[in-house]
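Undergrad: This structure is in structure tokens; I'll ask about it shortly.
Residue numbers (the UniProt record's numbering): 1 to 613.
This is the structure:
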């Protein structure tokens, strides 16, 4: 069924797109800046394209050299302004948006609503192939314009479908995103790009009303483009939502954004189940910053044989060149005090304004530390999976739009989200190299300077071996004014809310580090001793007791952990430290312990559940 109000001119023009790109590929000789003639490769036969840039003279080309040098570009003019806060000048090609052969409505939205002038390198590399309707696996980093690289051809593909019969109110395009924040951001961009199109865009994420989702789905105009997190979508499908099952049965385009992170967060089974509901004659676009082995199964299930692989990352250094990176190692018991001093020193040294993100290994740690520093009169915003969607949306909006803010976060803020003007990123405790880089990428964006500090305890320093190629300088713990946090720590045991948050943080800490004992060259007895020390550091008078089944899932039986009695478990508030979890875990844990469907790298089903993000 044709979309109401669709422009006949747009539909006709959109039909010409594929022939336009194909004819241009045949007409042009590919010639490098040094006069070397490059071999043209049919995109259907490309096994791997290493693309580092795009030439302004041939914007619709993908080229490959024997040296894998890739596609080069003349840098854009120095005066060129960034096209968004998440895409810096360094990621722009000098390919004007005006060279794209796309519908007039899309061009108007790009230039008038979104103020695009030039394509990014990722867009210049991927758009030609995607607009031809091919399945694509694109390796691309966040902040490089990849969202538009899949949204624009998705809308153009839907525009072509307006002249063909369509199932009533069917969903035509499905975009999966790992987090609510990133899904919401994609939703906003899709609506902007659809300004002059008749397409309806909706976003289904956890923390919102499922009945509201259904009302949108059953609206007379239906949903054309659905952005969703896999968990919420799977909730609908497994709850026998026949409306949704029927309406995704004819989708034309499927996008998996941040595919590596989708797998890290434990969504592999959800994605596999979802694929069983979808038609095989769709176009699939898979964007990922890295290509872990775990991605192979999803590739085989989701992408057609002969799909095109485009690498826009190559071997370049993935850390931000505009960011000064340092590591501070201090005694475990001084971590909170040093964090206090790091923030105080940065605030005092930023008379024109500051914006700080502090990352913690678990959602529970982020929550406890937020309560602690709020009590010390810091302007703390809190962002992690334990907060409601309404809270997270409000916190994200405040942090995005206002200066002199501090965000305490788990890894839900590590990738993809648009937080302009971040001046300092502090990473507290253990992470991994991939997440270190993504977290660091929240600062130094749009060509601005930034600062990143990694705060470790001595037992966490083996992690530095994983960062050998990262330009870290050693920084001594700052001195300065007496910390504001010490008096608050002394009150943890006597304030019920703080005490409960501290007990939850203890269990989450134990689960997270239990899944990383090998990386830290620790044994489990040492881990339990360190966990007891952590409970003291965060202000608890005694080590919290845990459910027997929680201890068993972590494989820590017989290690001296306190076991919670039935009476204690009955009297414990729901969601307290006794609660074994629920929710989705993060990159370093397996299934078991504090967080729910924990994510992959750190362990399997038996090792403490990955912390919720």
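We put the beta carbon where it would ideally sit given N, CA and C, even for glycine.
Whole-angstrom Cβ separation of residue 460 and residue 527, contact assumed at under 8 angstroms?
TA: Looking up residue 460 in the chain shown gives position 460. Looking up residue 527 in the chain shown gives position 527. Actually they are not in contact, since the Cβ atoms of residue 460 and residue 527 sit about 12 angstroms apart, beyond 8 angstroms.
Undergrad: Would you check if the distance between the CB atom of residue 148 and the CB atom of residue 117 is smaller than 9 angstroms?
TA: Stepping through the chain shown from its first residue, residue 148 is reached at position 148. Stepping through the chain shown from its first residue, residue 117 is reached at position 117. Against a cut-off of 9 angstroms, the Cβ pair of residue 117 and residue 148 comes out as no contact.
Undergrad: Looking at C-alpha atoms only, which residue of 516, 95 and 106 is the closest neighbour of residue 120?
TA: What you label residue 120 is simply residue 120 of the chain shown in a count that begins at 1. The residue with the shortest Cα to Cα distance from residue 120 is 95.
Undergrad: Using the Cα positions of residue 524 and residue 515, report the straight-line distance between them to the nearest angstrom.
TA: Here residue 524 refers to the residue found at position 524 when the chain shown is read from its first residue. Here residue 515 refers to the residue found at position 515 when the chain shown is read from its first residue. Near 10 angstroms, if we compare the C-alpha coordinates of residue 515 and residue 524.
Undergrad: Label residue 388 either buried or exposed according to how many other C-beta atoms from any shown protein chain fall within 10 Å of its C-beta, with 16 as the threshold for buried.
TA: Walking along the chain shown from the start, residue 388 turns up at place 388. Exposed, since its Cβ has fewer than 16 Cβ neighbours within 10 Å.
Undergrad: Could you have a look at residue 96 and say whether DSSP puts it in helix, strand or coil?
TA: Position 96 of the chain shown, counted from the first residue, corresponds to residue 96. Three-state result, residue 96: strand.
Undergrad: Can you check which of these residues, 440, 552, 429 and 230, is closest to residue 272 by C-alpha distance?
TA: One-based indexing of the chain shown puts residue 272 at position 272. Nearest of 440, 552, 429 and 230 to residue 272, Cα basis: 230.
Undergrad: Would you mind working out which of 517, 539 and 534 sits nearest residue 554, comparing C-alpha positions?
TA: Taking the first residue of the chain shown as position 1, residue 554 is located at position 554. Ranking 517, 539 and 534 by Cα distance to residue 554 puts 517 first.
Undergrad: Contact between the region 482-498 and the region 440-459: three or more CB pairs below 8 angstroms?
TA: With the cut-off at 8 angstroms, the region 482-498 and the region 440-459 do not touch.
Undergrad: For residue 137 versus residue 310, is the C-beta distance shorter than 9 angstroms?
TA: Numbered from 1 along the chain shown, position 137 holds the residue referred to as residue 137. Numbered from 1 along the chain shown, position 310 holds the residue referred to as residue 310. Yes, the pair counts as a contact, with Cβ atoms nearer than the cut-off.
Undergrad: Which whole-angstrom value is the C-beta distance of residue 106 and residue 155, which I expect to be below 8 angstroms?
TA: As a position in the chain shown, residue 106 is number 106, starting the count at 1. As a position in the chain shown, residue 155 is number 155, starting the count at 1. Indeed they touch by this definition, with Cβ atoms about 6 angstroms apart.
Undergrad: Can you look up residue 451 in the DSSP assignment and give me helix, strand or coil?
TA: For this step, residue 451 is matched to residue 451 along the chain shown. Looking at residue 451 - three-state DSSP - the assignment turns out to be strand.
Undergrad: By Cβ distance below 6 angstroms, which residues in the same chain neighbour residue 35 in space, the five residues on each side in sequence not counted?
TA: Within the chain shown, the letter at position 35 stands for residue 35. Here the model assigns residue 35 a pLDDT of 29, short of 50, so the residue's position is not dependable and the matter cannot be decided.
Undergrad: Where does residue 301 land, buried or exposed, given buried means 16+ other C-beta within 10 angstroms?
TA: For this step, residue 301 is matched to residue 301 along the chain shown. Its Cβ having fewer than 16 others within 10 Å, residue 301 is exposed.
Undergrad: If you drop the 5 nearest sequence neighbours on each side, which residues of the same chain put their C-beta closer than 7 angstroms to that of residue 123?
TA: For this step, residue 123 is matched to residue 123 along the chain shown. The residues are 145, 148 and 149.
Undergrad: Within a Cβ cutoff of 7 angstroms, which residues of the same chain sit near residue 275, ignoring the five residues on either side of it in sequence?
TA: Stepping through the chain shown from its first residue, residue 275 is reached at position 275. Counting only Cβ-Cβ distances below 7 angstroms, and skipping sequence neighbours, we find 301 and 302.
Undergrad: Which partner residues of residue 203 appear in the DSSP bridge assignment?
TA: Here residue 203 refers to the residue found at position 203 when the chain shown is read from its first residue. Residue 203 is bridged to 227.
Undergrad: If you compare alpha carbons, which of 443, 558, 478 and 379 is closest to residue 405?
TA: Stepping through the chain shown from its first residue, residue 405 is reached at position 405. Minimum Cα distance to residue 405 is reached at 379.
Undergrad: Could you tell me the distance, in whole angstroms, from the CA atom of residue 562 to the CA atom of residue 367?
TA: In the chain shown, residue 562 corresponds to position 562, counting from 1. In the chain shown, residue 367 corresponds to position 367, counting from 1. Each residue's alpha carbon lies about 23 angstroms from the other.
Undergrad: Leaving out the 5 sequence neighbours to the left and right, which residues in its chain are closer than 8 angstroms to residue 242 when beta-carbon positions are compared?
TA: Residue mapping note: residue 242 aligns to position 242 of the chain shown, counting from 1. Closer than 8 angstroms at Cβ, skipping near neighbours: no residue.
Undergrad: Please classify residue 469: is it buried, with 16 or more other beta-carbons within 10 angstroms of its beta-carbon, or exposed?
TA: Along the chain shown, read from residue 1 onward, the residue named residue 469 stands at position 469. Exposed, since its Cβ has fewer than 16 Cβ neighbours within 10 Å.
Undergrad: Give the DSSP bridge partners of residue 425, in chain order.
TA: Locating residue 425 in the chain shown gives position 425, counting from the first residue. Note: residue 425 sits in a beta bridge opposite 357 and 452.
Undergrad: How is residue 283 classed by DSSP in three states: helix, strand or coil?
TA: Position 283 of the chain shown holds residue 283. DSSP places residue 283 in strand when its eight states are reduced to three.
Undergrad: Near residue 332, which residues of its chain fall below 8 angstroms by C-beta distance, leaving aside the five closest residues on each side in sequence?
TA: As a working mapping, residue 332 is identified with position 332 in the chain shown. Around residue 332: 457, 458, 459, 530, 533, 534 and 537.
Undergrad: To which residues of the same chain is residue 227 closer than 6 angstroms at the C-beta, ignoring the five residues directly before and after it?
TA: To locate residue 227, count along the chain shown from 1; it is residue 227. Hits under 6 angstroms: 175, 183, 186, 187 and 203.
Undergrad: If distances are taken between C-alpha atoms only, which option among 355, 180, 361 and 143 comes closest to residue 618?
TA: A question about residue 618 goes unanswered here, because the residues of the chain that appear run from 1 up to 613.
Undergrad: For the region 346-354 against the region 495-502, are there 3 or more C-beta pairs whose distance is under 8 angstroms?
TA: The answer is no - the region 495-502 does not touch the region 346-354, with fewer than three Cβ pairs under 8 angstroms.
Undergrad: Given a cut-off of 9 angstroms, decide if residue 308 and residue 356 are closer than it, judged by their beta-carbon atoms.
TA: Here residue 356 is taken as the residue at index 356 of the chain shown, counted from 1. Here residue 308 is taken as the residue at index 308 of the chain shown, counted from 1. Against a cut-off of 9 angstroms, the Cβ pair of residue 308 and residue 356 comes out as no contact.
Undergrad: Between the Cα of residue 330 and the Cα atoms of 206, 502 and 428, which residue gives the shortest distance?
TA: Sequence index remark: in the chain shown, residue 330 carries index 330 (1-based). It is 428.
Undergrad: How would you call residue 565, buried or exposed, if buried means at least 16 neighbouring beta carbons within 10 angstroms?
TA: In the chain shown, the residue the question calls residue 565 occupies position 565. By the neighbour-count rule (16 or more Cβ atoms within 10 Å), residue 565 is not buried but exposed.
Undergrad: If you follow the beta strand (DSSP E) that residue 327 is part of, which residue opens it and which one closes it?
TA: For the purposes of this step, residue 327 is taken as the residue at position 327 of the chain shown. Run containing residue 327: 323-329, per the beta strand (DSSP E) assignment.
Undergrad: Just how far apart, CA to CA, sit residue 22 and residue 125?
TA: Here residue 22 corresponds to residue number 22 of the chain shown, with the count starting at 1. Here residue 125 corresponds to residue number 125 of the chain shown, with the count starting at 1. Since pLDDT at residue 22 reaches only 44, below the 50 mark, its modelled position is unreliable, and the value read off the structure follows with that caveat. The alpha-carbon atoms of residue 22 and residue 125 are separated by roughly 15 angstroms.
Undergrad: Can you find a CB in chain D that lies within less than 9 angstroms of the CB of residue 469?
TA: Included in the structure is just one protein chain, with no chain D present.
Undergrad: Which term fits residue 221, buried or exposed, when burial requires 16 or more other beta carbons within 10 angstroms of its beta carbon?
TA: Position 221 of the chain shown, counting from 1, holds the residue named residue 221. When all chains shown are included, residue 221 counts as exposed.
Undergrad: What did DSSP end up calling residue 265 once you bin it into helix, strand or coil?
TA: Here the question's residue 265 lines up with position 265 in the chain shown. Three-state DSSP puts residue 265 in coil, outside helix and strand.
Undergrad: Do the CB positions of residue 383 and residue 181 come within less than 9 angstroms of each other?
TA: Numbered from 1 along the chain shown, position 383 holds the residue referred to as residue 383. Numbered from 1 along the chain shown, position 181 holds the residue referred to as residue 181. In contact: residue 383 and residue 181 (Cβ atoms closer than 9 angstroms).
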